[in-house]
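Visitor: According to the UniProt record's numbering, the stretch in the sequence shown is residues 1 to 365, in order. Beta carbons are placed, not taken as given, at the ideal position from N, Cα and C, and that holds for glycine. All figures in this text were calculated on a predicted structure; none of them were measured in a lab.
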Amino acid sequence: MRLIATRSITEGTELAKAVLNDHGKVLIQRDVKLTKNMVKRLIELGVTYVYIKEKDTEDILVSPPIPEEMRIEALHSIRDSFNVLRKNDLVKSSYILEKTTQNFTSMVDNIFNEVKNREDVLSFLSDILISDDYVYTHSLNVTIYAIALATELKLPKKQIEQIGLGSMLHDIGKVFTPEEILTKPGRLTDIEFEVIKGHTVDGFNFLRKTNTIPLLVAHCAYQHHERLDGSGYPRGIKGDEIHPYGQILGISDVFDAVTSNRVYRDAMLPHQGLEILYAGSGTLFNKDYVESFRKTVALYPNGITVELSDGRTAIVVSQNPLLLERPVVRIIAEKGEKVKPYDINLANTLDIMITSCSQLTALNV
C-alpha cells in the first residue's frame, strides 16, 4: 500500500485501509473505489492523506501503534470520562475520577504491553482516523508516545505506568476551560491564551485532590508545558526543577501537537516534528530524551513517497531500526520518469539521502 495526499487522489483509486471516526464507525471501507464526491468529503473532514492500493506496493506493510480495537476503546473511555467530568462540579468530578482511575490504569497497562512488545518503531500515519475532538485523540497519542519514550529510557515499570496515567490525564484541566475557547478555529487572543494556559493549574489542583491519583501523576498535568530554559508555563521553572515526568510529557505533547491536523493548519510529517524537537534540544527539551524519542518514531513511515538526493523518487518499504533516517525504499522514478520498481537499502548507500517528502503532493507515476 502507498500513502497519498487526499487532494491528489483520482476517481477510481482503491482504498487500502478503512477510514474511521473515533467512535469506531467505518466511514469508508477498505477496497472501496473512491468517487469524486467521496474525495471531496474526505477533504472537508480534514483527511489529508489515505492509504491506497497499488500493484507495485501491495507488499508494503503498515501496522498501527496499537491495535485498532484498543485505540477505539481507549478513545471511548477518555471521551466518556472527560464529558462526565465536564458536566459536574469539582467535588463530584473528583469522586467520579476516583471510581474510573482503575479503568485508565488498565488502559495504560494494555498500551505498555503493546509498545514494549513491538519489533518496529511507531507510525501514527497508519491510523486514518477522523476525530471530532482533538483533546481525546491527543491524550491517547501522547500516552503512547510517552510510554514509548519511557520504555526506551528503560525506566522501571511502575514509573512507566505513572507516566502513562499522567499522559492520559495531562489535559484533564481542559474540562474546566470554556468550550468556545477550546474549539475556536482561529487565533486566540492574549486573554483567551491565558485562559487556556490555566488548564495546567486546573488539572493539577483537580488531580491532587483525587485520592486515587498519585501526586507525581498530578504533576504531569502541572508541568507538561514547562521548558528547560524557563520559557514555559505556568511557573516558568527551569532545568532539573522540572520533574523527569514533566520533561517526557513535554516532548510527547509537542510532537503530537505539531504532527496532528488542526482546523487552522495541516499536520507536519514525523521528520518535520522531530526537527521541531531537535531545534529545542538542550534549550527547551532534555537533549538525551529527544535523542531517545527519535529511536521510537518512524521518521519516514512505510508507504510514504520520498525524494532522494540523486533525483530519484521512491516509496518507503520498511524501517532500519538503528538508522531510522535511512529506510529501505522502492525506486519508482528517476528524474521524473517512471521506471520498473526496484528496492535499495539506504543504510547501505550512505552517499544517497532522503531530501524531502510530503503528504500534500503526489507524483503521478
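#1: Keeping to the same chain, check which residues put their C-beta closer than 8 Å to that of Lys-25; ignore five residues upstream and five downstream.
#2: Going by DSSP in three states, Pro-65 sits in which element: helix, strand or coil?
#3: Can you give me the Cβ contacts of Thr-355 inside the same chain, cut-off strictly under 6 Å, excluding the 5 residues immediately before and after it?
#4: How close, in whole Å, do the beta carbons of Ala-298 and Leu-323 come, if the pair is a contact with beta carbons under 8 Å?
#5: With distances taken between CB atoms, is the gap from Ser-106 to Pro-270 smaller than 9 Å?
#6: Taking the C-alpha atoms as reference points, what is the distance between Ala-333 and His-225?
#7: First and last residue of the alpha helix (DSSP H) that includes Arg-294?
#8: In the DSSP assignment, what are the bridge partners of Tyr-233?
#9: Among the candidates Leu-45, Arg-41, Asp-253, Leu-34, whose CA atom is the shortest distance from the CA of Tyr-51?
#10: Does the region 100–115 come close enough to the region 141–153 that 3 or more CB-CB pairs lie under 8 Å?
#11: Do Thr-48 and Asn-286 come within 9 Å of each other at the CB atom, strictly closer than that value?
#12: Could you tell me whether the Cβ atoms of Lys-17 and Val-84 are closer together than 9 Å?
#13: Is the region 162–170 in contact with the region 240–260, if contact means three or more CB pairs nearer than 8 Å?
#14: State yes or no: is the C-beta of Asp-59 within less than 9 Å of the C-beta of Pro-321?
#15: Comparing alpha-carbon positions, which option in Glu-11, Gln-319, Gly-311, Ala-74 lies nearest Gly-303?
#16: Which residue wins for smallest C-alpha separation from Thr-313, given the options Leu-277, Leu-216, Asp-288, Ile-352?
#17: Looking at the unbroken beta strand (DSSP E) that takes in Arg-41, where does it start and where does it end?
#18: Could you spell out where the beta strand (DSSP E) holding Leu-20 opens and where it closes?
#19: Taking the Cβ atom as the reference point for each residue, do Pro-178 and Thr-200 lie within a distance shorter than 9 Å?
#20: Following the continuous alpha helix (DSSP H) through Ala-150, name the residue where it begins and the one where it ends.
#21: Beta-carbon within less than 8 Å of Ile-96's beta-carbon, same chain only, minus the 5 sequence neighbours each way: which residues are those?
#22: Indicate whether Arg-326 and Tyr-342 have their beta-carbon atoms separated by less than 9 Å.
#23: Considering Thr-313, what are the terminal residues of the beta strand (DSSP E) in which it resides?
#24: Do you know whose CA, among Glu-14, His-170, Glu-11, lies nearest Lys-197's CA?
#25: Does DSSP classify Ala-16 as helix, strand or coil?
#26: Between which two residues does the alpha helix (DSSP H) harbouring Arg-330 extend?
#27: What are the boundary residues of the beta strand (DSSP E) that includes Ile-354?
#28: What three-state label does DSSP hand Ser-260 in the structure shown?
#29: Can you tell me which of the three DSSP states Lys-340 falls into?
#30: Could you check whether Leu-228 and Val-239 sit closer than 9 Å to each other, using their CB atoms as the reference points?
#31: Can you give me the start and stop residues for the alpha helix (DSSP H) that Ala-279 sits inside?
#32: Quick one, which of Pro-67, Thr-137, Ala-279 has its alpha-carbon nearest Glu-114's?
#33: Using alpha carbons as the reference points, say which of Thr-349, Ile-191, Val-135 lies closest to Gly-173.
#34: My guess is that Ile-315 and Arg-2 are in contact by the Cβ rule of under 8 Å, so how many angstroms apart are they, rounded?
#35: What's the C-alpha gap between Leu-284 and Glu-98?
#36: Less than 9 Å between the beta carbons of Thr-143 and Met-168, yes or no?
Guide: In brief:
#1: To locate residue 25, count along the sequence shown from 1; it is residue 25. So the list is empty, once near-sequence residues are dropped.
#2: If you number the sequence shown from 1, residue 65 lands on position 65. Looking at Pro-65 - three-state DSSP - the assignment turns out to be coil, as it is neither helix nor strand.
#3: Taking the sequence shown and counting its residues from 1, the one referred to as residue 355 is at position 355. Answer for Thr-355: Glu-307, Ser-309, listed in chain order.
#4: Within the sequence shown, the letter at position 298 stands for residue 298. Within the sequence shown, the letter at position 323 stands for residue 323. That pair is no contact at about 12 Å.
#5: By 1-based counting over the sequence shown, the position of residue 106 is 106. By 1-based counting over the sequence shown, the position of residue 270 is 270. No.
#6: Here residue 333 is taken as the residue at index 333 of the sequence shown, counted from 1. Here residue 225 is taken as the residue at index 225 of the sequence shown, counted from 1. Approximately 44 Å, taken between the alpha carbons.
#7: Walking along the sequence shown from the start, residue 294 turns up at place 294. Residues 287–294.
#8: Taking the sequence shown and counting its residues from 1, the one referred to as residue 233 is at position 233. Answer by DSSP bridge pairing: none, since Tyr-233 is not bridged.
#9: In the sequence shown, counting from the first residue as 1, residue 51 sits at position 51. Of the listed residues, the one whose Cα sits closest to Tyr-51 is Leu-34.
#10: yes
#11: By 1-based counting over the sequence shown, the position of residue 286 is 286. By 1-based counting over the sequence shown, the position of residue 48 is 48. Their beta carbons are not under 9 Å apart, which means Asn-286 does not touch Thr-48 by this criterion.
#12: Residue numbering aside, residue 17 sits at position 17 when the sequence shown is read from its first letter. Residue numbering aside, residue 84 sits at position 84 when the sequence shown is read from its first letter. Cβ atoms of Lys-17 and Val-84: not closer than 9 Å.
#13: yes
#14: Stepping through the sequence shown from its first residue, residue 59 is reached at position 59. Stepping through the sequence shown from its first residue, residue 321 is reached at position 321. Cβ distance not < 9 Å, so Asp-59 and Pro-321 don't count as in contact.
#15: As a working mapping, residue 303 is identified with position 303 in the sequence shown. Closest by alpha carbon: Gln-319.
#16: Numbered from its first residue, the sequence shown carries residue 313 at position 313. Per the Cα distances, Ile-352.
#17: Working through the sequence shown from its first residue, we reach residue 41 at position 41. Not the beta strand (DSSP E): Arg-41 falls in the alpha helix (DSSP H), residues 36–44.
#18: Position 20 of the sequence shown, counted from the start, is the residue given in the question as residue 20. 19–21 is the span of the beta strand (DSSP E), which, as asked, contains Leu-20.
#19: Taking the sequence shown and counting its residues from 1, one reaches residue 178 at position 178. Taking the sequence shown and counting its residues from 1, one reaches residue 200 at position 200. No. Outside cutoff.
#20: The residue labelled residue 150 in the question sits at position 150 within the sequence shown. Its alpha helix (DSSP H) spans residues 134–152.
#21: Here residue 96 is taken as the residue at index 96 of the sequence shown, counted from 1. Result list for Ile-96: Ser-81, Val-84, Leu-85, Asn-88, in chain order.
#22: For the purposes of this step, residue 326 is taken as the residue at position 326 of the sequence shown. For the purposes of this step, residue 342 is taken as the residue at position 342 of the sequence shown. No, these two residues do not count as a Cβ contact at 9 Å.
#23: Here residue 313 refers to the residue found at position 313 of the sequence shown. 312–318 is the span of the beta strand (DSSP E), which, as asked, contains Thr-313.
#24: What you label residue 197 is simply residue 197 of the sequence shown in a count that begins at 1. Taking only the C-alpha atoms, the option nearest Lys-197 is His-170.
#25: For this step, residue 16 is matched to residue 16 along the sequence shown. Residue state, collapsed to three classes: coil.
#26: Taking the first residue of the sequence shown as 1, we reach residue 330 at position 330. Run containing Arg-330: none in the alpha helix (DSSP H); it sits in the beta strand (DSSP E), 328–334.
#27: Your numbering for residue 354 matches position 354 in the sequence shown. Start and end: 354–357.
#28: Position 260 of the sequence shown holds residue 260. In this structure, Ser-260 counts as coil in the three-state DSSP scheme.
#29: In the sequence shown, counting from the first residue as 1, residue 340 sits at position 340. Of the three classes helix, strand and coil, the one that applies to Lys-340 here is strand, per DSSP.
#30: Working through the sequence shown from its first residue, we reach residue 239 at position 239. Working through the sequence shown from its first residue, we reach residue 228 at position 228. Going by the sequence as given, residue 239 is Gly instead of Val. Yes.
#31: Position 279 of the sequence shown, counted from the start, is the residue given in the question as residue 279. First-last of the alpha helix (DSSP H) with Ala-279: 270–279.
#32: The sequence position of residue 114 within the sequence shown is 114, counting from 1. The candidate whose alpha carbon is nearest that of Glu-114 is Pro-67.
#33: In the sequence shown, residue 173 corresponds to position 173, counting from 1. Residue Val-135 is the option with its Cα nearest to Gly-173.
#34: As a position in the sequence shown, residue 315 is number 315, starting the count at 1. As a position in the sequence shown, residue 2 is number 2, starting the count at 1. Confirmed, Cβ separation roughly 6 Å.
#35: Start at 1 with the first residue of the sequence shown, and residue 284 comes out as number 284. Start at 1 with the first residue of the sequence shown, and residue 98 comes out as number 98. One C-alpha to the other measures close to 34 Å.
#36: Position 143 of the sequence shown, counting from 1, holds the residue named residue 143. Position 168 of the sequence shown, counting from 1, holds the residue named residue 168. It is a contact, given that the beta carbons lie within the stated cut-off.
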